[in-house]
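As structure tokens, this is what we get:
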């Protein structure tokens with residue numbers, strides 16, 4: 056039988072936690088022989104922590120952690136992932152938009168040989184601006200993750216707990232669980248999943264928070280901005296060189312001095328482009344130092360087996 060650790064970051068979710076736990080209490084025994092539910096309360100403004108403590112008294116398989124201050128959803132998830140005891144981790148939101156009844160479908164897909172499976176909403180149940188910001192975030196995530204499934208990521212996911220070995224040494228305050236998972240595997244999949252409308256409370260994710268998260272992923276986990284700077288610098292340099300050759304060539308053919316403004320503009324383009332290109336190269340070296348500071352592993356072992364000679368296997372009499 057499977058063993059499951061369900062991790063739910065909580066921020067102002069007191070109203071939905073009892074119903075969510077009750078539904079999980081029905082579903083989890085059907086799915087696993089051992090299971091636990093880990094709430095990570097991210098220093099919200101309501102009485103979520105009191106509700107979690109009461110749920111832990113009612114259900115012996117419920118555990119709770121409370122942050123000293125608000126660190127963010129992905130930081131809360133990382134706290135729960137590091138505390139998980141069982142073989143497979145399920146992450147969900149606290150607002151009942153991720154139905155516990157859909158977990159079985161994600162686990163069935165995981166059993167096909169994948170390491171991470173996302174439950175992609177069939178239809179987003181947010182406002183226009185929130186949906187637009189989510190798409191921008193997924194574009195940024197695609198550049199940071201480098202896998203095709205990046206456009207289908209969701210907070211509703213299941214993955215193998217051993218993947219956390221790939222980021223045990225990660226200590227940066229800027230966290231993206233989806234990027235960290237790519238440090239351990241490329242076996243990603245996504246399936247359509249039901250996404251219920253929110254009926255209790257209001258969303259804690261604002262447009263500003265989503266954009267900030269996208270910027271953190273772009274600058275914290277990807278060298279794409281540096282590569283863009285290099286490409287822009289190279290393009291400007293080539294453009295300036297072409298214009299400069301044209302201006303000087305025309306002046307030589309006409310037997311006149313080069314025109315002042317075109318000559319000056321092409322010269323500026325050459326030197327400004329060269330500067331951007333040089334900065335991009337310097338940035339690439341800094342990016343490699345940044346990756347080393349993050350603690351990304353050189354490799355992660357999935358399984359190990361060792362051959363023992365028969366002579367060594369025999370026990371002395």
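Numbering (this note's numbering), first residue to last: 56 to 372.
Ideal Cβ placement from N, Cα and C applies to all residues, glycine included.
Legend entry - 6 Å Cβ shell around residue 328 - same chain, five flanking residues per side excluded: If you ignore the 5 residues before and after residue 328, its C-beta comes within less than 6 Å of the C-beta of 288, 291, 292, 295, all in its own chain and listed in chain order.
Legend entry - Contact under 7 Å by Cβ, residue 146 with residue 247: Taking the C-beta atoms as reference points, residue 247 is found no nearer than 7 Å to residue 146.
Legend entry - Paired residues, beta bridge with residue 64 - DSSP: 95
Legend entry - In chain order, each beta strand (DSSP E) run of at least 3 residues that lies wholly inside the stretch 102 to 190: For the beta strand (DSSP E) assignment, the uninterrupted runs of no fewer than 3 residues enclosed by the stretch 102 to 190 are, from N- to C-terminal side, 117 to 121, 143 to 146, 171 to 176.
Inset, instruction - State the CB to CB distance for the pair residue 101 and residue 67, rounded to an integer number of angstroms; the pair is presumed to be in contact (CB under 8 Å). - result: 5 Å
Legend entry - Terminal residues of the beta strand (DSSP E) in which residue 213 lies: 212 to 215
Inset, instruction - Give me the Cα-Cα distance between residue 306 and residue 284, rounded to the nearest whole angstrom. - result: CA-to-CA, the gap between residue 306 and residue 284 works out to about 33 Å.
Inset, instruction - Please report the Cβ distance between residue 236 and residue 171, rounded to the nearest whole angstrom; I am assuming they are in contact, meaning their Cβ atoms lie under 8 Å. - result: 5 Å
Legend entry - Residue range of the alpha helix (DSSP H) that includes residue 80: Annotation for residue 80: the continuous alpha helix (DSSP H) segment containing it runs 72 to 86.
Inset, instruction - May I ask you to report which of helix, strand or coil DSSP gives residue 421? - result: Because the chain here runs from 56 to 372, residue 421 falls outside it and cannot be looked at.
Inset, instruction - For chain D, find out if any of its Cβ atoms is closer than 7 Å to the Cβ of residue 126; answer yes or no. - result: Among the chains of the structure shown, chain D does not appear; only one protein chain is present.
Inset, instruction - State whether the stretch 103 to 120 contacts the stretch 218 to 235, with contact taken as three or more CB pairs (one from each stretch) at a distance under 8 Å. - result: no
Legend entry - Assigned exposure category for residue 112 - 16 Cβ within 10 Å defines buried: Using a 10 angstroms sphere on the CB of residue 112, the tally of other CB atoms stays under 16, which defines it as exposed.
Legend entry - Identity of the residue in 83, 211, 97 nearest residue 249 by Cα: Here the closest residue by C-alpha is 211.
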